[in-house]
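Chains as they are written, first to last, in our numbering: chain R, -7 to 179; chain U, 4 to 298; chain Y, 11 to 176; chain S, 800 to 1466.
The C-beta atom is built at its ideal place from N, Cα and C for all residues, glycine as well.
The structure presented is a predicted model; accordingly, all values stated were derived computationally and were not measured.
For reference, the structure discussed in these notes is given below.
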Amino acid sequence: MATKPDFSQEVSNLLYASEGNPLKRCIQCGTCSGTCPVAGFMDLTPRRLIAMINAGLKDEVLASNTFWCCASCYHCTVRCPSNIDIAEAMYALKRYSMWKNQYQEGLIGPIFSETFVKMIVKSGRSYEPVLAPTYIFSYGIREFFQEAYTATNLMLKGRLPVLPPRIKRLENFRRMIGRIIPLGDLT
Amino acid sequence: MKQYAYFPGCSLEKIALSYHLSAIETTRKLDVELKELDDWNCCGATAYFHVDELLAYTLCARNLAMAERVGLDLVAPCSGCYKNMYFTSAHLQRDPDLAEHVNFALEEDNLHFSGKTAVRHLIEVFVNEVGLDEIKSKVSHPLRDLRVIPYYGCQILRPRKDHENVEEPQFFEGLLSAIGADPVDYPHKLRCCGGSLIITNRLAALSMVRNLLQSAVDCEAAVIATACPMCQVNLECYQQQINQEFGTKFFMPVVYFTQLVGLSFGIPPKRLGIGSELVSATPVLSWIQKSKQEN
Amino acid sequence: MSEQFEPVIVGFLCNWCSYRAADLAGTSRIKYAPNMRAIRVMCSGRVDPQFVLKALREGADGVMIAGCHPGECHYVDGNIKTLRRFSLLKRLLDQWGIEPERVQLVWASASEGNILAAAVDRMTEQVRALGPLRWKETVWGDGYPSGNGHAPELAPAETPAAVEEV
Amino acid sequence: MTEKVGVYVCHCGTNIAKTVDVVEVARWAEDQPNVEVARDNKFMCSSLGQAQIEEDIRERGLTRVVVASCSPHMHEKTFRAACEQAGLNPFLFEMANIREHDSWITEDRAAATLKAKALIKGAIERVVHHQPLEPVPVDINPSTMIVGGGIAGISAALELANAGYHVYLVEREPSIGGHMAQLDKTFPTLDCSACILTPRMVEVGQHPNITLLTWSEVEAVDGYLGNFTVSVRKKARFVDERYCTGCGICIEKCPHKVVDEIFEAGLGNRKVIYRPFPQAVPKYPVIDKEHCVYFLRGKCKACQIFCPTTPNSIDFDQQDEMLKLQVGNIILATGYDLFDSRRIPQYGYGRLANVFTSLEFERLVNAAGPTSGRIVLRDMQTQPNSIGIVHCVGSRDENYHVYCSKVCCMYSLKFAHLVHERIPGAEVYNFYIDMRTPGKGYEEFYHRLLDEETHFIRGKAAEVTDSARLPGEEGKLIIQVEDTLIGKQRRIPVDMVILSPAMEARYDSREVTKLFRMGCDFDGFFIERHPKLDPVATMTEGIYIAGACQGPKDIPDSVAQGAAASARVAGLISRGTVFMEPVRAHIDAEACSGCRICNSMCPYNAIIFHEDEKVSEVITALCQGCGTCVAACPSASITGAHFTNDQILSQIEGILWDVREPLAVPV
């Protein structure tokens, strides 16, 4: 296609393997938003977000917290009468906004994901303590102590790892990843 | 003896250790061997899909390929891992280009994905592979009158599309009845617990869990049974935080279905990792004692 | 266009579905490759394998057979019979070294002008990529004495004379 | 052979001339062998164009005619008529489609012109092999069978009967009336369904020209337009219609009740010997064998004991009866099924007591229904004060039915109105995706409901639950939905939920299409011959469709289609004989090897085998001309008239005229 793909197209292009219909097929029935358990915390309901994507309101969409609120429980995807894979579309938006480095102020999601990925590239396994710093500071003092309290309890019950786990063939693993994305910006 | 390539997943190593222990114990009783996949790597959770889809598929594919090599079906006890593996496998089989790209990366670890291994959730192994009759036959200490919530959570079933089963599944209930417990008709058994949000969107996650706990209390359930470490941690470990946030007084034990099955098989609680929960599951235990005396 | 190879494709379209689909494609002004030349038959079930062979031998680079979707045949199940014949024909053509893309079976209902048009475009490109079908070289070339070669047996109505003339 | 072919190339204004060099093509055609004359013309279909053809036939003695213009589906008839006018057999004509298949699909003038030549050359080569043919005359049996006694079938039956033609009306249930008989009021005029339906039912029951066969099912259909033979099973009623007066004493006296799943939608009971509803036509009751104590345990016979007629009308030994009907045409009006709401578990139907389907609600509000018109909850006494009506249950949903069921919006509005009428002050919520009210007086009805202060929430209900989360939700059903006009998720607590399920094709519509040799679409609805111009005919001659079996429809549309189908049939009957395309297969007995391959090929069993002479023969009247047998015949002894091998083979040669020289480089 010679012409530059519109926003909706760009988002769909980030859905490598989803079998759902394109966002253009949305009939704005609101089943997704009616189903969504997190809808209350989104500044825009998923349905509205899709409408705005189709309208090409890129900046407004990326400024929204909606897709970062998605718990990827796939309830919308399962129920959508237009067979649109909404949860995957939310993933696509996350990827898009991280790729363009454009997202709402003060969101933990992006930083967290980034750290998480780095961690896995490093060790091949996830390890909670590494993650803590990514969000703990953005918490208010009260939350901080609550988290700390929970953590301590878990520690006492022997449910928190002390040493970071790592896989054996880490070198191969890294090179494997290297064939998909440039490691430079991750490690 | 049935064998499976067992993919514990990161959380079962520590925070959900009890799930791991109880899974091993109970399956052994059922003549099923879970052979831990050698050198498995993180499935990428949800976060990976935020960054790079292809990479996420590759991570899952590595595990799938290793399972293929040992020629066993892959079993994941964590719904998140299960969903990632299951759909990675599905997508790669449907989309040769994607598979080619991923296999190109796998070469670096001398692996190849061809889609030979099936991916199963641990609870599927109990319900479909072993079968409820087999399980019944092993029950020595039925959890009589124990009101248990069969909490499916989201990713065991979704995003599959066979609606009757996705919106109104019954297999968890069946399993609980098989071990003598009394499954509660819990309206939110398929509602998401917000596991993936607990860090990135704490308040949302907490209030989601709160709704679940509230309706669990309304249903007069004694305990919630889960089949996913994320759900367990979310529903249990954060109760005290929820109580502080919302001034509630929840004290609802949340255990793994394997722990309940184990108890019904008469396996000592300790070996099932019972005792490591923050909200003590003693009520469950006391029920067992009771049913013991009855037998 | 004189530069680029323009394949000639003979299309056998059934009167009820695919021919009407082609009509619809026209009425809705869908633009697609003009390389397919349609012959109307009442049912795709009428398409005798010898028609296909004839077309290929007479210089067509490909043949498209189009009918109603299975289960929607105007004549109950004519298209199912087409399907069976088609798979046999494919095997034969394969033995003769004729690429599978050159003979294609397409389902298009009377309302699916776009589908038919797309199929023609796709097939045209595929055949263009394969280049001209040189029947002589491909089929007779490897030393079959013309006249009592394979084709006459397989296409009963063809007299040896008709074969000579190729 | 030499023929004098006239070739006429049409400009079709600029439609063709724009991309095809018409003049050049005509000039080229002139030089082709066998071509006597070739002309181009602005509009061949105009009277001038036709006159030109006729003139040339007369003046220049043309023996064949080729017109290169639009699709034969457009104007083949026109030009055939022209040939006939000039005394040339209409089948010595052939058309080349250089518009739909050529000038309209490309902008490449050179390519289009080349293709036009090819298509015309093909037509020329073909037409010289054409044979003069005579259309096949078929006599039309004046009686007609109508399958399905709903409003569509009833309307069709009355139209024909009143026109003086005999009708067999076959109905699966014990009474005619169909879904309409179950309804309370009808939108938008709100006249009572029974009041307008009953008189027509009675008329059917009494009409001298209508043979009413209720409690009967079609089992086999043979034959073709004009002469169908239909086998109908008349199920045993165990009531002798010759003596029964329909007094109903047996029903009164029958000691056993069962839940009426069909007519009362499971909300009410009926006796084991029953009439679906008081105004049933015919009035004779039926014994429900599965539940009858006599049939189960051999005693009771209350009905027989109390039957006042002599001889006694109750006959426990009655057997199913097989009838063979001779009819000329068949009208299918088999209606629809209601989508099973259990398939959408999140709406809780079957799990949550106070979730009802539209049909259940119709029975609830129906004055003649189980609650004599009182709107109550499942406990059959509590009156709801808030009601949620959920649209598009199984419609407009790719997981179930993609199509819009057309009537749900309107009857949902009707429900809302009835609630306002019966329960003053009740809160009524309509959950809709789009309010679809096209139709006379429909939008006005919507306005009326807006005035009645119905709540309209634009959003497809996501789920119905009984688990209270917020104050005010205890003991209620909560409908969770996004109010898309506000962009907020809302939870609406109500006492009663009414689901408006999709209209779907009958569960057995596919078997029916096989039985009648016609088609049904992906959703199981019967396919009409043309979606716009021929909505009641099917691709099978002599078989017509009317009502919801063709697609979701409301009452006026069904009635209209019923009448339309009858008009089509009446037309044929009054003509007495019809002429059909002589496109038929013929077997040359000399050449036939008797291998019988064709016998199994024919979808119409039109080919019989003569054991004695060991040859097969085509029953011309049964043959529909598909040509499958022709293609299958290994001894090439079957000819498909107007689609013969040499016609098609020479068309192939013609169409490839420019590439036939193996080494020729494409132009």
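Rounded Cβ spacing between S/Ala799 and S/Gln1117 (contact assumed at less than 8 Å): Here chain S comprises residues numbered 800 to 1466, so residue 799 of chain S is not present and cannot be evaluated.
From the beta carbon of S/Ala910, is the nearest beta carbon of chain Y less than 9 Å away? yes
Looking only at its chain, what residues have a beta carbon closer than 8 Å to the beta carbon of S/Tyr1199, apart from the 5 residues adjacent to it on each side? Cβ neighbours of S/Tyr1199 beyond the five flanking positions: Phe1138, Arg1142, Ile1143, Gly1193, Ala1301.
Rounded to a whole number of angstroms, what is the C-alpha to C-alpha distance between U/Leu40 and S/Ser1399? 58 Å
When the distance is taken between beta carbons, is S/Ala955 closer than 9 Å to S/Gly757? Since the first residue shown for chain S is 800 and the last is 1466, residue 757 of chain S is missing from the structure and cannot be characterised.
How many whole angstroms separate the CB atoms of U/Leu101 and U/Ala68, which I take to be in contact at a CB cut-off of 8 Å? That belief does not hold up - the Cβ atoms of U/Leu101 and U/Ala68 are roughly 14 Å apart, past 8 Å.
Tell me which same chain residues have a C-beta within less than 7 Å of the C-beta of S/Glu802, skipping the five on either side of it? Asn833, Thr862, Arg863, Val927
Within 10 angstroms of its Cβ, does R/Cys68 collect 16 or more other Cβ (buried), or is it exposed? buried
Roughly how many angstroms lie between the CA atoms of S/Lys876 and S/Glu1380, to the nearest whole one? Across the structure, S/Lys876 and S/Glu1380 are spaced so that their CA atoms are roughly 11 Å apart.
Which residues of the segment 160 to 188 of chain U have a Cβ closer than 9 Å to any Cβ of chain R? Give them in chain order. Per Cβ criterion, the list reads Leu160, Arg161, Pro162, Arg163, Lys164, His166, Val169, Glu170.
Inter-stretch contact at 8 Å, needing at least 3 Cβ pairs: the segment 1214 to 1233 of chain S / the segment 1098 to 1116 of chain S: With the cut-off at 8 Å, the segment 1214 to 1233 of chain S and the segment 1098 to 1116 of chain S do not touch.
For the alpha helix (DSSP H) that contains R/His67, what are its first and last residues? 67 to 71
Can you grab the Cα-Cα spacing for the pair U/Ser21 / U/Cys222, in whole Å? 26 Å
So, is the C-beta of S/Gln849 closer than 9 Å to a C-beta in chain U? no
What are the complete beta strand (DSSP E) segments, minimum 3 residues, inside the segment 1199 to 1280 of chain S? 1226 to 1231, 1254 to 1257, 1262 to 1264
When the Cα of R/Leu99 is compared with those of R/Phe59, R/Thr37, R/Gln20, which residue comes out closest? R/Phe59
Curious, which full-length alpha helix (DSSP H) runs of at least 4 residues does the segment 153 to 186 of chain U contain? 166 to 170, 174 to 181
Assign Y/Leu66 to one of three DSSP states: helix, strand, or coil. helix
To the nearest angstrom, report how far apart S/Val969 and R/Tyr66 are at their CA atoms. Taking the straight line from one Cα to the other gives about 49 Å.
How about S/Gln1316: is its C-beta nearer than 9 Å to some C-beta of chain R? The question names Gln, but residue 1316 of chain S in the sequence shown is Arg. Taking Cβ atoms only, chain R never reaches closer than 9 Å to S/Arg1316, which makes this a no.
Contacts of S/Thr1156 in chain U (Cβ-Cβ under 9 Å): Neighbours of S/Thr1156 on chain U: none; closest Cβ ~17 Å, over 9 Å.
Between which residues of its own chain and S/Lys1088 is the CB-CB distance below 6 Å, once the five residues before and five after are set aside? Hits under 6 Å: Phe1094.
Simplified DSSP assignment, three categories, for S/Ser1015: strand
Whole-angstrom distance between Y/Ala32 and Y/Val20, CA atom to CA atom: Rounded to the nearest whole angstrom, the C-alpha separation of Y/Val20 and Y/Ala32 is 14 Å.
If you drop the 5 nearest sequence neighbours on each side, which residues of the same chain put their C-beta closer than 7 Å to that of U/Glu239? Val257, Glu280, Leu281, Val282
Interface partners of R/Lys86 on chain U, CB under 9 Å: Phe52, His53, Val54
Output the distance between the C-alpha atoms of S/Cys811 and S/Cys1422, rounded to the nearest integer angstrom. 36 Å
Nearest to S/His1090 by CA position, among S/Gln1125, S/Glu1051, S/Tyr1073, S/Tyr964, is which residue? S/Tyr1073
Just checking, does the segment 6 to 26 of chain U make contact with the segment 74 to 81 of chain U on the three C-beta pairs under 8 Å criterion? yes
Can we count R/Ile42 as close to the ligand ATP, meaning its CB is less than 8 Å from some heavy atom? With respect to the ligand ATP, the structure shown offers nothing to examine, as it has no ligands at all.
Could you give the DSSP three-state label for S/Val1192: helix, strand or coil? strand
Give the interface partners of S/Asn1198 over in chain R, defined as CB-CB distance under 9 Å, in chain order. Val70, Arg71, Cys72, Pro73, Asn75
Helix, strand or coil at S/Asp990 according to DSSP, with G and I counted as helix: When DSSP states are grouped into helix, strand and coil, S/Asp990 belongs to the strand group.
Host beta strand (DSSP E) of U/Asp221 (start-end): No beta strand (DSSP E) contains U/Asp221, which is instead part of the alpha helix (DSSP H) from 205 to 221.
CB contact below 9 Å: U/Asp221 versus chain S: yes
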